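Residue numbers (mature numbering (1 follows the signal peptide of the UniProt record, and there is no 0)): -22 to -1, 1 to 527.
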Ligand code: TNX
């Protein structure tokens, strides 16, 4: 379908971000219940932000952070005060705890002379504040004073709880590296869309991006490659040194920044494939002993970890122990994708291990696939013993799933369906809809991407719960995530371009109940979030609403 959308009107909205627009109800993701009223609550220096006395300091922090941002952008000084009582007084935004509201949910009641926010947990309060920010002029997302705006909240009554408890966005910092400030800005964008997980893809064939104190070569050698690999040629190698990594202090800073925004960062150490940067750093980790070079090619490479050797497991456990110190996340992603078995087939040590373990091929699985399953299960046990749970790409189904694994279904929905039927948790992230490295429109102005096609409308249309699952099985679908692989994405501005506005569509898939979703209504609401993107200084595809397919 070719739908002509009013690009003229759309761009008008985009350029008019500085014109005051009060009474805006255009929220993304759409709340699950919302009534609009008439009139406004006006923010001014007489207002107070009351946080119920005796609550955890996290609540007051949410209020303080909002008050600070409001002060910066509006000049209005709202004091945050702790008081007991469950009712909102005149001229206050009052927050009270209401334990009957689900964990991430909230209630927001804006009337002419007061605002009441209720939630049972700090994350719910934080999401309420994201809604409040979207009800205000887009300038509230900025870094400068905008006193030409009408600082009013339109009267409304909202009761809102997310559909899914896992609402994720992935970031590949290995193919191209993005610094601490870039990652923080990315986190800000996720928070504004009410996401609660960021999947941080930290290791790859083309670069190792996290400092591991026990293995300094991982960053000394493994974080640099001889090739910027930007450009048209798949796997071009211009020989120019390219790389970067996060020190452990920087990782802590990023994790804290995300935590303050109620986003959990799930680190991924991708194993046993996609490990060439580690092999280049410590060649004894491979089956052939090398030498290896940090890859200057994209794609799937034959050299993988030699899992026949006990020393490889010692290495992985040592690396993961440092990772666990840095990331409090319950989930640790251990990859498992695209691991060719050619080296293991030829490797006497791996073959001896297969024999020792009695791993046998059957009609469905080769002995080498069983060796991979053994590897994932062994690492899972190590992580379970430390109170964590693993996530793996859907290849971990091959050779048998590790007992407690959560599956990320990326090669379509089938892996996820099978895993849910086996009683495993699933995160849906199919490349058919949720690969943000794919083209977002058929417009010839689109910059070069890896291929594939996931338009905003296609992302919006995604339904994470497959019809073939029973009600019980469907409970295993924790939610959805989009992936942003960065082979073709060398700069922050291009990264943003691929992220938004598709993230807006994703957020509604993750948050809003299906019966409330409506693409044409979504497109009517999107110009306000485009204003927000402008204020946040995000680059995005302004032409995509011209043609949608
Ligand atoms: C497949 S999705 C990969 C990545 C690539 C991506 C490109 C997955 C588990 N593996 O290594 O970057 O395709 O779209």
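A virtual CB, placed ideally from N, CA and C, is assigned to each residue, including glycine. All values derive from a computational prediction rather than experimental measurement.
- Look at the beta carbons and you see the segment 398 to 410 touching the segment 442 to 453: at least three pairs across the two are nearer than 8 Å.
- In the structure shown, the three-state DSSP call for residue 328 is helix.
- The Cβ atoms of residue 427 and residue 472 do not sit closer than 7 Å to each other.
- For residue 236, no beta strand (DSSP E) segment is defined; the enclosing uninterrupted segment is the alpha helix (DSSP H) at 226 to 237.
- In terms of CA proximity to residue 80, 106 leads the group 93, 106, 71, 69.
- Look at residue 159: its beta carbon is at least 6 Å from all of the heavy atoms in the ligand TNX.
- Relative to the Cα of residue 109, the nearest Cα in the group 138, 436, 15 belongs to 138.
- At a cut-off of 4 residues, the continuous stretches assigned as alpha helix (DSSP H) that sit fully inside the segment 308 to 355 are 320 to 324, 326 to 335.
- Going by DSSP, residue 207 is part of no alpha helix (DSSP H) at all; its letter is neither H nor E.
- For residue 306, there is no enclosing alpha helix (DSSP H), as DSSP marks it with neither H nor E.
- One alpha carbon belongs to residue 115, the other to residue 303, and they sit about 40 Å apart.
- When 267, 305, 252 are compared, the shortest CA-CA separation from residue 316 is found for 252.
- Between the segment 268 to 276 and the segment 320 to 328, the count of C-beta pairs closer than 8 Å stays below three; the two stretches do not touch.
- Minimum Cα-Cα distance from residue 195 among the listed residues 227, 248, 255 corresponds to 255.
- Contact between residue 19 and residue 88 holds, with the beta-carbon distance rounding to 5 Å and staying under 8 Å.
- Using a 10 angstroms sphere on the CB of residue 292, the tally of other CB atoms stays under 16, which defines it as exposed.
- For residue 461, the number of other beta carbons within 10 angstroms of its own is at least 16, and it is reported as buried.
- The C-beta distance from residue 419 to residue 388 rounds to 22 Å, too long to fall under 8 Å, and the pair is not in contact.
- At a threshold of 6 Å, residue 388 counts as near the ligand TNX, since its beta carbon sits closer than that to one of the ligand's heavy atoms.
- A contact between stretches requires three or more CB pairs, one per stretch, nearer than 8 Å, and the segment 94 to 102 fails this requirement with the segment 48 to 55.
- Around the C-beta of residue 492, fewer than 16 other C-beta atoms lie within 10 Å, and the residue is accordingly described as exposed.
- For residue 84, the three-state secondary structure derived from DSSP is strand.
- DSSP, read as helix, strand or coil, puts residue 494 in helix.
- Not one heavy atom of the ligand TNX falls within 6 Å of the beta-carbon of residue 186.
- For residue 91, no pairing in a beta bridge is given by DSSP.
- Here DSSP, grouped into helix, strand and coil, assigns residue 371 to strand.
- For the pair residue 510 and residue 63, the Cα-to-Cα distance works out to about 35 Å.
- Excluding sequence positions up to five before and after residue 189, its CB lies within less than 7 Å of the CB of 197, 223, 224, 225, 226, all in the same chain and listed in chain order.
- Not a single heavy atom of the ligand TNX lies less than 6 Å from the C-beta of residue 280.
- DSSP assignment within the segment 390 to 451 yields the following whole alpha helix (DSSP H) runs of 4 residues or more, N-terminal first: 392 to 399, 434 to 438.
- With distances taken between CA atoms, residue 185 lies nearest to 154 out of 154, 370, 177.
- Taking 6 Å as the cut-off, the C-beta of residue 315 counts as close to a heavy atom of the ligand TNX.
- DSSP places residue 175 inside the beta strand (DSSP E), whose first and last residues are 175 to 179.
- In this structure, the beta-carbon distance from residue 393 to residue 375 falls below 7 Å.
- Relative to the non-hydrogen atoms of the ligand TNX, the Cβ of residue 415 comes within a distance shorter than 6 Å of at least one.
- For residue 489, the shortest separation between its Cβ and any heavy atom of the ligand TNX does not lie below 6 Å.
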